[in-house]
Amino acid sequence: MNKKFKDVIIVGFALFAIFFGAGNLIFPPYLGVLSGTEYKKAMLGFLLTDPVLPILGVIITAKLGGGAEDLGKRVGNKFAKILGTVTILTIGPLFAIPRTAATTHEVFVSKVFPGTPEWVTALIFFALTAIFVFNETGVIDKIGKYLTPGLVIILLVIIGKCIVDPIGVMNIASENQIFLKGFAEGYQTMDALGAALMTGIVVSDLKRKGYVNDEERLKLVKWVGLVAFVLLAIIYGGLIYAGATASKIYTVQNTRVDILLGTVQNILGSAGKIAIGIAVSLACLTTSVGLSAIAGDFFSNITKDKLGYKPIVLGTVVVSGVLSLIGVEGLIKAAVPILSTVYPIIMVLIFLGIFEKYIKYDMIYKGAVLATFLISFVEVLNQNFKIFEGFTALIKTLPFSSVGFEWLLPAIITGAVFGLIAFVQDKRKIA
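If you count by the working numbering, then the sequence shown holds residues 495 to 925, one letter each, in order.
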């Protein structure tokens, strides 16, 4: 096998697995149940926000330089480092990594091995994470070669069995505007949040594999992104279809987790509980390993190796293990305010990155980010403390607010105003 082709496949598999956490499993079947016979519309809407936006974020960050902080550097270097730090702490040791262990315990271990204490699950889970992540040079290969294939095979077996033998007849869609609902569900996965950080570890791995030419490496990142995109699209699409075939059994009143577990058990019978448990565990482990490595890579880079990779990943594993004992619901509640503030900023930077070479003034970036932050922050304050309720009601009247993009129009307007100010100042300097 050609070395370049092999490297693209392995790194592409790893990128897919890091993006595809256990949380990603619960959205598609629910959307399928909701959409029923209109599942294709729902599928299209979902796929436009995930995997299109996260993979786009990876490619754009690679074009901007490939470093985790490159996405926000035109707002300012300090801003880029702060944004990267807040993001990695949120999707790393403070919330997302602990949640992977908590989810593994609640969905798999507690069901198959009832009575097992949470600390035992956490100890074993993070010991495995440490083993896979400790050697920086082999992390991506371990995820892509050894962990991801098992996850993909299990999910493809579930989807394939459902295609050959559907659960039942599809119900009529239970809601209107199915495409927009799919779009909103894909947005809720928040995968684009980690796109820039994941680019950093992908680029670092490709450099270690000998791809030192920037142009060649960018081409490889695009191919790696394509591999991850195809896998994500197939898995998401298949799970949406599976949920649609169960739409006469389940309703949107059922929880997303209940729909996932019930759908798989209807497809595989009694073996379904074990299959989905293993799939969830593998999805959680690959994400935990990937995010721990990303934390090590990010903090060692921004501190110029004053903080070494190995101490960082060991600290990440220990902190994550302790916090995982809080449980899934507690971690989600704690993370939501930060995620809801940071995620739109990442999104607007990805959109600006598409047109980066046509944007002359950094002030456009600053204006767009400022507006996005203010809109998001006000909404978070209202949701948690019931502050600015009148202003929040006004925000909800903005275009695209139904799919979570209420910040888009203010970002465009404020970015344009700041750009105009920069243009006028530029003209005055010339004059």
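The beta-carbon is built from N, C-alpha and C at its ideal position, and this holds for glycine as well. This one's a predicted model, so the numbers in the text were calculated from it and none came from an experiment.
message: Quick check: what's the CA-CA separation for L902 versus I618?
response: 43 Å
task: Determine, using beta-carbon pairs with one atom in the stretch 614-632 and one in the stretch 778-796, whether at least three such pairs fall under 8 Å.
output: yes
query: To which residues of the same chain is G815 closer than 6 Å at the C-beta, ignoring the five residues directly before and after it?
result: A616 and F620
query: With 16 other CB atoms within 10 Å as the buried threshold, where does D799 fall?
result: Result: exposed.
- request: Taking I625 as the reference, give the member of V807, V822 and E709 with the closest Cα.
  value: V807
task: Go through its chain and collect everything with a Cβ distance to I772's Cβ below 8 Å, but skip five positions before and after it.
output: F602, G644 and I648
message: Just to confirm the assignment, what range does the alpha helix (DSSP H) spanning Y730 have?
response: That run of the alpha helix (DSSP H) goes D708 to T739.
task: Tell me where the alpha helix (DSSP H) around P523 begins and ends.
output: G517 to S529
- prompt: Since Y681 and T543 are thought to touch, with beta carbons under 8 Å apart, how far apart are those beta carbons, to the nearest angstrom?
  reply: 5 Å
Alpha carbon of A933 to alpha carbon of I858, nearest angstrom: For residue 933 there is no data in the structure shown, the boundaries of the chain being 495 and 925.
query: Less than 8 Å separating the beta-carbons of I743 and I661?
result: yes
query: Can you tell me whether Y852 is buried or exposed, with buried defined as 16 or more other CB within 10 angstroms of its CB?
result: exposed
- request: Indicate the three-state DSSP secondary structure (helix, strand or coil) for T866 in the structure shown.
  value: helix
task: State the DSSP-derived secondary structure class of P838, mapped to helix, strand or coil.
output: Three-state result, P838: helix.
query: Between the C-alpha atoms of Q877 and D685, what's the straight-line distance to the nearest angstrom?
result: Answer to the nearest angstrom: the Cα atoms are 22 Å apart.
- prompt: Are L528 and V746 close, meaning C-beta to C-beta below 8 Å?
  reply: yes
message: Given this structure, state the Cα-to-Cα distance separating L755 from H599, to the nearest angstrom.
response: Cα to Cα, the separation comes out at about 15 Å.
task: Alpha carbon to alpha carbon, how far is T531 from I666? Give it in angstroms, no decimals.
output: 6 Å
field: K890 in three-state terms, based on DSSP
entry: DSSP places K890 in coil when its eight states are reduced to three.
field: N760 - containing alpha helix (DSSP H), residue span
entry: R750 to L762
task: Taking only the alpha-carbon atoms, compute the straight-line gap between I551 and L714 and give it to the nearest angstrom.
output: The sequence given here has Gly at residue 551, not Ile. About 15 Å.
field: Anticipated Cβ contact below 8 Å, F673 with K535, distance rounded
entry: The C-beta distance from F673 to K535 rounds to 5 Å, short enough to fall under 8 Å.
message: Taking the straight line between their C-alpha atoms, what separation do you get for Y803 and N707?
response: Y803 and N707: Cα-Cα distance of roughly 24 Å.
task: For the stretch 548-598, list the alpha helix (DSSP H) runs that are entirely contained and at least 4 residues long, ordered along the chain.
output: 571-585 and 590-598
message: Need the endpoints of the alpha helix (DSSP H) that G638 sits in, please.
response: Neither: G638 is in no alpha helix (DSSP H) and is coded neither H nor E.
message: Tell me which residues share the same chain as L875 and place their Cβ nearer than 7 Å to its Cβ, disregarding the 5 neighbours each side in the sequence.
response: I881 and F882
query: In whole angstroms, what is the alpha-carbon distance linking L843 and F792?
result: When rounded, the distance between both Cα atoms is 19 Å.
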